[in-house]
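Below you'll find the structure, written out as structure tokens, and then a few comments.
Chains as they are written, first to last, in this note's numbering: chain A, 1 to 17; chain B, 1 to 253.
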């Protein structure tokens with residue numbers, strides 16, 4: 001699922017601004 | 001704090017959950033309530049509406065996809081700030097957002113909907129359904145406007161919108177969850193917090209039931225959106241592949 005949703009996964013990994 | 005609410009969750013804990021979700025919501029809304037109130041009567045002129053109506057179908061689709069994607073990025077931020085969400089496994093975080101982000105965007109849309117003249121905020125000003133005619137999916141647009149009007153009729157407070165958004169997002173109804181029990185525990189607490197706030201705010205004892213009864217419509221709207229996207233993509237594959245935001249394609253394509 002992570003592989004198919006790289007952008008969403010990246011957004012989840014980014015620290016909360 | 002020791003007073004117990006439903007399912008032996010302490011009232012203190014319910015209050016903490018509610019406060020966390022309300023804060024997360026307010027911090028991640030695209031527009032504050034004050035900004036929306038100021039904009040409420042700024043409507044697109046007749047010429048501006050005509051301009052939207054005369055756009056090529058693929059151009060307006062692309063504009064809407066960009067707006068939706070922008071709104072979804074705020075929803076991701078909302079989810080991340082909900083206590084307990086980032087403690088779920090990554091698979092479930094992705095699944096819940098993939099299946100629930102558009103539903104939350106639609107719930108949030110009722111903040112930017114004026115039920116007195118049936119207009120919605122789009123690209124800086126309010127406009128009616130006719131503004132989206134060039135999309136070629138009147139059924140979807142009309143169903144979205146009906147939903148917004150119906151949600152507005154419940155006169156939800158900002159706190160209730162926040163908790164309802166969280167309840168829609170953190171749902172055990174989504175298929176393929178790896179830790180459904182963990183999601184369920186979090187969802188139950190959110191519902192108890194929502195119930196507590198609605199009992200406090202509304203004279204109408206059925207207010208919560210009325211709100212929950214809107215959830216199947218949300219789900220139907222998302223299915224309709226997927227169907228319309230598929231139909232559009234068959235006619236304009238290049239537009240979707242090249243011009244649509246990558247996040248939108250990742251979530252819906």
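Idealized CB from N, CA, C, for every residue including glycine.
query: At a cut of 8 Å, does the stretch 14-27 of chain B reach the stretch 64-73 of chain B through at least three beta carbon pairs?; result: no
query: With a threshold of 8 Å between beta carbons, is residue 251 of chain B in contact with chain A?; result: yes
query: Name, please, each residue of chain A whose Cβ falls closer than 8 Å to the Cβ of residue 95 of chain B.; result: 1
query: For a cutoff of 8 Å on Cβ pairs, would you count residue 80 of chain B as touching chain A?; result: yes
query: Assuming residue 187 of chain B and residue 209 of chain B form a contact by the criterion Cβ under 8 Å, report the distance between their Cβ atoms to the nearest whole angstrom.; result: Contact doesn't hold; Cβ gap of about 17 Å is too wide.
query: Which complete alpha helix (DSSP H) runs does the stretch 83-135 of chain B hold, if anything under 4 residues is left out?; result: 90-109
query: Counting Cβ pairs, one atom from each stretch, are 3 or more of them under 8 Å apart for the stretch 7-17 of chain B and the stretch 181-196 of chain B?; result: yes
query: Between residue 247 of chain B and residue 62 of chain B, is the Cβ-Cβ spacing less than 8 Å?; result: no
query: Which of helix, strand or coil does DSSP assign to residue 213 of chain B?; result: coil
query: For a contact defined as C-beta to C-beta under 9 Å, what are the partners of residue 168 of chain B on chain A?; result: The contacting residues do not exist; residue 168 of chain B stays about 17 Å from chain A at best.
query: Could you give the distance in angstroms between the alpha-carbon of residue 36 of chain B and the alpha-carbon of residue 89 of chain B?; result: 36 Å
query: Classify residue 32 of chain B as helix, strand or coil using the three-state DSSP reduction.; result: coil
query: With C-beta atoms as the reference, is residue 261 of chain B less than 8 Å away from residue 170 of chain B?; result: Residue 261 of chain B lies beyond the range of chain B shown here (1 to 253); nothing can be said about it.
query: Identify, in the order they occur along the chain, each residue of the same chain with its Cβ nearer than 7 Å to the Cβ of residue 163 of chain B, setting aside the five sequence neighbours on each side.; result: 18, 21, 190, 193, 194, 197
query: Are the stretch 104-121 of chain B and the stretch 33-52 of chain B touching by the rule of at least three beta carbon pairs closer than 8 Å?; result: yes
query: Output yes if chain A places a C-beta closer than 8 Å to the C-beta of residue 141 of chain B; else output no.; result: no
query: Could you name the residues of chain A that residue 182 of chain B contacts, counting a contact when the two beta carbons are closer than 7 Å?; result: Correct list: empty, because the minimum Cβ distance to chain A is about 16 Å.
query: Is the CB of residue 104 of chain B under 8 Å away from at least one CB in chain A?; result: no
query: With a threshold of 8 Å, are at least 3 pairs of Cβ atoms found where one atom belongs to the stretch 93-101 of chain B and the other to the stretch 141-161 of chain B?; result: no
query: Across the stretch 211-227 of chain B and the stretch 138-158 of chain B, are there enough close Cβ pairs to call them in contact, namely three or more that are closer than 8 Å?; result: yes
query: Using three-state DSSP, classify residue 10 of chain B as helix, strand or coil.; result: strand
query: Which same chain residues, not among the five before or five after residue 92 of chain B, have their C-beta less than 7 Å away from its C-beta?; result: 177, 178, 179, 183
query: Report the option in B:81, B:221, B:48 whose CA atom is closest to the CA atom of residue 14 of chain A.; result: B:81
query: Of all the CB atoms in chain A, is at least one closer than 8 Å to the CB of residue 20 of chain B?; result: no
query: Please identify the residue among B:237, B:227, B:44 whose C-alpha is closest to the C-alpha of residue 122 of chain B.; result: B:44
query: Do you know whose CA, among B:235, B:109, B:150, lies nearest residue 212 of chain B's CA?; result: B:150
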